[in-house]
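>
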Amino acid sequence: MEAIKLLSLSSFNTPKTKTFHKPPNIFLPTSPFSSSYKTNPPKPCKLFTTLSETAQPYEPQLEAEAEAEGEEEKFEWFAEWYPVMPVCDLDKRKPHAKKVLGLDVVVWWDRNENAWRVFDDSCPHRLAPLSEGRIDQWGRLQCVYHGWCFNGSGDCKFIPQAPPDGPPVNTFKKACAAVYPSTVHHDIVWFWPNTDPQYKDIIMTKKPPYLPELDDPSYTKLMGNRDIPYGYEVLIENLMDPSHVPYAHYGIMQTRQPKAEKKDREGGRPIELSVKQYDKNGFIGKQEWGSSKFIAPCIFYAYSDLDQGNGSAQPAEAKKQSEQRRMALIFICVPVSPGNSRLIWTFPRNFGVWIDKIVPRWMFHIGQNLILDSDLYLLHVEERKIMDFGSANWQKACFVPTKADAFVVGFRRWLNKYAGGQIDWRGKFDGTLPPTPPREQLLDRYWSHVVNCSSCNAAHKSLNALEVILQVISIVSIGIVAATKQNMMSAAVRTTVVSLAVVCFAASKWLAHFIYKIFHYHDYNHALR
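Quick look at the structure:
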């Protein structure tokens, strides 16, 4: 049962352990575990103050900043690998339109080379979106506007309008589609956001971030994705903030209760967070039950042992078994455009693996989508209030006086110091946020998740079909009773058929409500929880 509880985002606060395992591939040069650190500890950094202009009762500090003095190296937004979509949610039969970092791309399966390709989503002919096209019988990406066809390298292989005895215009460089370097890593399609030929083999010198749990076959790692109607900055700092969980997700997520007497119904409590290492590539954080990494720009990764005990002594064999049970929380936050982002999540674990083999993935997404919905409106509005001050002036707008905000302050510091204070959109956007849509559209699940999730999409179609079948059975049953003469059908049979019709009709109505609530729109009213 413990494994089942960890299958939703509620896992973020359930682990509780005193054992900390140093992760592999630490990307920062100075470690708090090194001897030099112990003999020459760094001075506390003044950045992790409350970031307010008035005097504060408490000033959270960056406990061990691993920065070289005078280092001013900047983070380059367009010199990183970006995730596009999990492979499990991509259909090989058709191209897929996606936006990442303000770039419109099309993802498609090149069956001739058995590889996923990422192109600029525009045909060189008249700039029609290639994502609206098809994959033809020869495995080429075909523009549906005029039929131009491209292979996996972007070469134009066929222009229907070009006469066969004329010049080979399809071989001209301007006829080629723009191709982004791409790779499949940890069962996710990644791309390098630059089509310049010099980056064609960038995978040889720089790879996407490595997460050991996603490379270990003993772990289960179901994935989900959803388009989010607020920006990358707000998304990632929200995932770094465990103290909002008892309140924003009250009643749908489990949280650790305070040891002392609860001060309120929700059970909020002080949380000790600290940032241990820090540079342009992100930071490493420490919390009560384990550690976290922010791997710039997209990944927030929390990892810990699973605490199996209740504080009592355990036999050596049971303790050894407990220590071998691991889990992690991996959130991949993709910048899409101002006011929009995409979340890819997975919670790998090496216990309870059998659950994922018998329970459909869409059932896990029911709870996970509810969690995302429960604070979605809050964050959408919050982002607009922050933008009223300007993203670079976040510290003037927000009052963050406790250690519970250490990760959020650390992220904002990284953003301001290394990444220019905001995402580099290369001039495509001026930072203006899109208007707020009606609440039902804002919390819509169908277009933000269902159509992009192969499991939920299949379940939605199947349940819709079941609803129609139930309605047909109800109508046919009533028709049979109406068409049959009274003396040709006993009262018992007539009653049974009518009852069947009523049950099927009621079931179809309930199912219609279920489909709408689970796959389309589920409002969340905090005041009535």
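Sequence positions in the sequence shown follow the numbering used here and run 5 to 533.
C-beta: ideal position from N, C-alpha, C; glycine also.
Quick caveat, the model's predicted, so the values are computed rather than measured.
Once DSSP output is grouped into helix, strand and coil, what is the label at D231?
Indexing the sequence shown from 1 puts residue 231 at position 227. Strand at D231.
> Please list, in chain order, all residues of the same chain as M391 whose beta carbon is under 8 Å from its beta carbon, the five residues on each side excluded.
Start at 1 with the first residue of the sequence shown, and residue 391 comes out as number 387. For M391, where only same-chain residues beyond five positions count, the Cβ hits under 8 Å are G435 and L437.
> Tell me which same chain residues have a C-beta within less than 6 Å of the C-beta of P250, skipping the five on either side of it?
Residue 250 sits at position 246 when you count from the first residue of the sequence shown. Result list for P250: T259, E270, G271 and G272, in chain order.
> Would you decide whether T224 is buried or exposed? Buried here means 16 or more other CB atoms lie within 10 Å of its CB.
Sequence index remark: in the sequence shown, residue 224 carries index 220 (1-based). Per the 10 Å Cβ criterion, buried.
> What first and last residue would you give for the beta strand (DSSP E) that runs through F195?
As a position in the sequence shown, residue 195 is number 191, starting the count at 1. Unbroken beta strand (DSSP E) run through F195: I192 to F195.
> Go ahead and label M89 buried or exposed: buried means 16 or more other beta carbons lie within 10 angstroms of its beta carbon, across all protein chains shown.
Along the sequence shown, read from residue 1 onward, the residue named residue 89 stands at position 85. By the 10 Å Cβ count, M89 comes out buried.
> Look at the alpha carbon of L470 and the alpha carbon of S378, and state the distance between them as a whole number of angstroms.
Taking the sequence shown and counting its residues from 1, one reaches residue 470 at position 466. Taking the sequence shown and counting its residues from 1, one reaches residue 378 at position 374. Approximately 29 Å, taken between the alpha carbons.
> Using 10 angstroms around the beta-carbon of R430, count the other beta-carbons present and answer buried if the total reaches 16, otherwise exposed.
As a working mapping, residue 430 is identified with position 426 in the sequence shown. Exposed, by the Cβ-count rule.
> Does the pairing of the stretch 113–120 with the stretch 133–150 give three or more beta-carbon distances under 8 Å?
Yes: at least three Cβ pairs fall under 8 Å.
> Could you say which of N456, P439 and V472 lies nearest to V91 if we only look at CA atoms?
For the purposes of this step, residue 91 is taken as residue 87 along the sequence shown, with counting starting at 1. Selected option, being the one with the closest Cα: N456.
> Curious, which full-length alpha helix (DSSP H) runs of at least 4 residues does the stretch 389–456 contain?
Runs of the alpha helix (DSSP H) inside the stretch 389–456: 398–401, 410–422 and 443–446.
> Please go through the stretch 168–227 and give each complete beta strand (DSSP E) segment of 3 or more residues, from N-terminal end onward.
Runs found: 186–189 and 192–195.
> What is the DSSP secondary structure of H248, reduced to helix, strand or coil?
For the purposes of this step, residue 248 is taken as the residue at position 244 of the sequence shown. Helix, per DSSP.
> Return the CA-CA distance between T500 and W514, expressed in angstroms with no decimal places.
Locating residue 500 in the sequence shown gives position 496, where the first residue counts as 1. Locating residue 514 in the sequence shown gives position 510, where the first residue counts as 1. When rounded, the distance between both Cα atoms is 21 Å.
> Could you name the residues that DSSP lists as bridge partners for G286?
Numbered from its first residue, the sequence shown carries residue 286 at position 282. DSSP, once it has assigned bridges, lists D283 and I299 as partnering G286.
> Can you name the residues that DSSP bridges to D124?
By 1-based counting over the sequence shown, the position of residue 124 is 120. According to DSSP, which records beta bridges pairwise, D124 is partnered with V109.
> When the Cα atoms are used, what is the spatial distance from D200 to D124?
Position 196 of the sequence shown, counted from the first residue, corresponds to residue 200. Position 120 of the sequence shown, counted from the first residue, corresponds to residue 124. Those two C-alpha atoms are separated by around 12 Å.
> When DSSP labels each residue in this structure, what does L277 get in the three-state scheme?
For the purposes of this step, residue 277 is taken as residue 273 along the sequence shown, with counting starting at 1. Correct three-state label for L277: coil.
> In the DSSP assignment, find the beta strand (DSSP E) that holds W349 and state where it starts and stops.
Numbered from its first residue, the sequence shown carries residue 349 at position 345. Start and end: N344 to T350.
> If you draw a straight line from the alpha carbon of P48 to that of Y305, how long is it in whole angstroms?
Taking the first residue of the sequence shown as position 1, residue 48 is located at position 44. Taking the first residue of the sequence shown as position 1, residue 305 is located at position 301. Model confidence at P48 stands at a pLDDT of 40, short of 50, so the residue's coordinates are unreliable; what they give is reported in the following sentence. So the alpha carbons of these two residues sit roughly 25 Å apart.
> If you draw a straight line from the C-alpha of K280 to the C-alpha of G289, how long is it?
Numbered from its first residue, the sequence shown carries residue 280 at position 276. Numbered from its first residue, the sequence shown carries residue 289 at position 285. In a straight line, the C-alpha of K280 is about 5 Å away from that of G289.
> Measuring CB to CB, does Y525 end up less than 8 Å from D448?
Against the sequence shown, residue 525 aligns to sequence position 521. Against the sequence shown, residue 448 aligns to sequence position 444. Cβ atoms of Y525 and D448: closer than 8 Å.
> Mark S308 as exposed unless 16 or more other C-beta atoms lie within 10 angstroms of its C-beta, in which case mark it buried.
Sequence index remark: in the sequence shown, residue 308 carries index 304 (1-based). Buried is the call here.
> So, at 6 Å on beta carbons, what are the nonlocal neighbours of G414 in its own chain, with the 5 sequence-adjacent residues on each side left out?
Taking the sequence shown and counting its residues from 1, one reaches residue 414 at position 410. Excluding positions up to five away in sequence, the list reads V279 and F287.
> Three or more beta-carbon pairs under 8 Å between the stretch 103–110 and the stretch 468–486, yes or no?
Result no; under three Cβ-Cβ pairs closer than 8 Å.
> With the cut-off set at 8 Å, would you say S478 and S512 are in Cβ contact?
On the sequence shown, position 474 is the one that residue 478 refers to. On the sequence shown, position 508 is the one that residue 512 refers to. Yes, these two residues count as a Cβ contact at 8 Å.
> Relative to the C-alpha of S186, which candidate in V122, L218, F162 and A132 has its C-alpha closest?
Looking up residue 186 in the sequence shown gives position 182. Measuring from the Cα of S186, the nearest candidate turns out to be V122.
> In whole angstroms, what separates the C-alpha of L134 from that of A531?
Walking along the sequence shown from the start, residue 134 turns up at place 130. Walking along the sequence shown from the start, residue 531 turns up at place 527. Going from the Cα of L134 to the Cα of A531 covers about 46 Å.
> How big is the Cα-Cα spacing for N174 and P128?
What you label residue 174 is simply residue 170 of the sequence shown in a count that begins at 1. What you label residue 128 is simply residue 124 of the sequence shown in a count that begins at 1. Distance between the alpha carbons of N174 and P128: 11 Å.
> Short of 6 Å in beta carbon distance, which residues of its chain neighbour S3, apart from the five on each side in sequence? Order them along the chain.
Residue 3 lies beyond the stretch modelled for the chain, which goes from 5 to 533, so this question has no answer here.
> For the beta strand (DSSP E) that R330 lies in, which residues bound it at each end?
Counting from 1 along the sequence shown, the entry for residue 330 is found at position 326. Run containing R330: R330 to S341, per the beta strand (DSSP E) assignment.
> Are the beta-carbon atoms belonging to A423 and F79 less than 8 Å from one another?
Residue mapping note: residue 423 aligns to position 419 of the sequence shown, counting from 1. Residue mapping note: residue 79 aligns to position 75 of the sequence shown, counting from 1. Contact flag set, yes.
> Whole angstroms is fine: what's the gap from E136's alpha carbon to K98's?
Sequence index remark: in the sequence shown, residue 136 carries index 132 (1-based). Sequence index remark: in the sequence shown, residue 98 carries index 94 (1-based). In a straight line, the C-alpha of E136 is about 9 Å away from that of K98.
> So for P45, helix, strand or coil by DSSP?
Position 41 of the sequence shown, counted from the first residue, corresponds to residue 45. Any reading at P45 must be qualified, since the residue scores a pLDDT of 42, below 50, and its modelled position is unreliable; no value is offered.
> Can you look up N257 in the DSSP assignment and give me helix, strand or coil?
Locating residue 257 in the sequence shown gives position 253, where the first residue counts as 1. The displayed chain sequence assigns Met, not Asn, to residue 257. Three-state DSSP puts M257 in coil, outside helix and strand.
> Closest by CA to G156, which one among T488, Y184 and L94?
Translated into positions along the sequence shown, residue 156 becomes position 152. Of T488, Y184 and L94, the residue nearest in Cα terms is Y184.
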